[in-house]
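First residue of the sequence shown: 2, per the numbering used here; consecutive thereafter.
In this text, a Cβ means the ideal position worked out from N, Cα and C, and glycines have one as well.
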Amino acid sequence: MIRSTNAFNLAGIKVLDTPLVNKALLYARENLNEAAFNHIARSWLLGQFITDNSPEIKDRDIELHSVATILHDLGWSHNAELISDEKKFEGDSANKTVKFVLREDAVALHTTASIAIHKKKEVKACCLGIRAEFVPLNETYDGVLTQDVWDVIVKEFPRTEFKEGVIEILCGLCRTKPISTYGNFLGDFGTAYVEGYSSEGKRLVDGQEAVVD
């Protein structure tokens, strides 16, 4: 467990400089497109700032938090070897992350904030940084994130076509492995944007209706 060690400043944020963190960054860079890599980098930096300034979670395993955040979206990879035929993208990401760190729940739960925020500090920290990418500034955790910090991070890792890029990635999952999108938020993207996509008959409520009394 590493809580303090060699560090450097990236976009004004103090981050770890360890072989494992650097290996994770290189792996993410090799296996994600620019929009996805910039997203994980921003999530990492936002999470570092938020948790470093939130006393109740500041004392987390920073290396675990860093690596989990850096690798949390490997399930968005263009490398087919990282993508399963049926697992949710969070599951694909978690399965690859476990090769770097033994705790993969931070990755597996990163889109399930209602659970993640009640788990161990590293899981919560990972979720909070990622969530900061998708909510207004004033809704980020604990009110510590400022516009100035946000602007410096976004300048270093731009959000160019981020919204469009995320929609295309998620719709791509709805097209290529729809079984992984039923019963979760991905299905909403499929319904909204993907012609011919339907989760009818595959929802939890559909299964419940089919149960014989």
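Straight-line measurement puts the Cα of His40 at about 18 Å from the Cα of Lys97.
Looking only at Asp189, Arg160, His79 and Glu196, the smallest Cα-Cα distance to Ser44 is reached by Arg160.
His73 and Val155 have their C-alpha atoms roughly 19 Å apart.
Within its own chain, the residues whose Cβ lies closer than 6 Å to the Cβ of Lys89, once the five positions on either side in sequence are excluded, are Ser181, listed in chain order. For the pair Val150 and Ser55, the CB atoms are not nearer than the 8 Å cut-off. Contact between the region 56–63 and the region 119–131 is present: three or more C-beta pairs spanning the two stretches fall below 8 Å. Under DSSP, Lys15 forms a beta bridge with Asn10.
If you look at Leu171, you'll find it in the alpha helix (DSSP H) that goes Phe163 to Thr177. Judged by beta-carbon spacing, Gly92 lies within the 8 Å limit of Ala109, meaning their Cβ atoms are closer than that value. By the criterion of a C-beta distance shorter than 8 Å, Thr141 is surrounded in its chain by Leu47, Ile51, Leu129, Arg132 and Ala133, once the five residues flanking it on both sides are discounted.
In summary, Phe158 is buried, with 16 or more beta-carbon neighbours lying within 10 Å of its beta-carbon over all protein chains present. Secondary structure in the region 30–77: the alpha helix (DSSP H) runs of 4 residues or longer, each lying completely within the stretch, are 35–53, 56–59 and 63–71 in chain order.
Taking the CA atoms as reference points, Val153 sits about 6 Å from Ala12. Annotation: the continuous alpha helix (DSSP H) that includes Glu157 extends over Gln148 to Glu157. Thr113 and Val136 have their C-alpha atoms spaced approximately 14 Å apart. In the assembly as shown, Ser85 is an exposed residue. Its beta-carbon has fewer than 16 other beta-carbons within 10 Å.
Straight-line measurement puts the Cα of Ala37 at about 11 Å from the Cα of Glu31. The beta carbons of Ser67 and Val22 sit about 5 Å from each other, so the pair counts as a contact at 8 Å. Per the C-alpha coordinates, the member of Asp143, Phe9 and Cys172 positioned closest to Trp77 is Cys172.
Within the model, the alpha-carbon separation for Ser200 versus Arg104 is close to 32 Å. Taking the Cα positions, Thr147 is about 44 Å away from Asp207. Close CB contacts of Gly188 within its chain, under the 7 Å cut and outside five residues either way in sequence, are with Thr182 and Ser200 (chain order).
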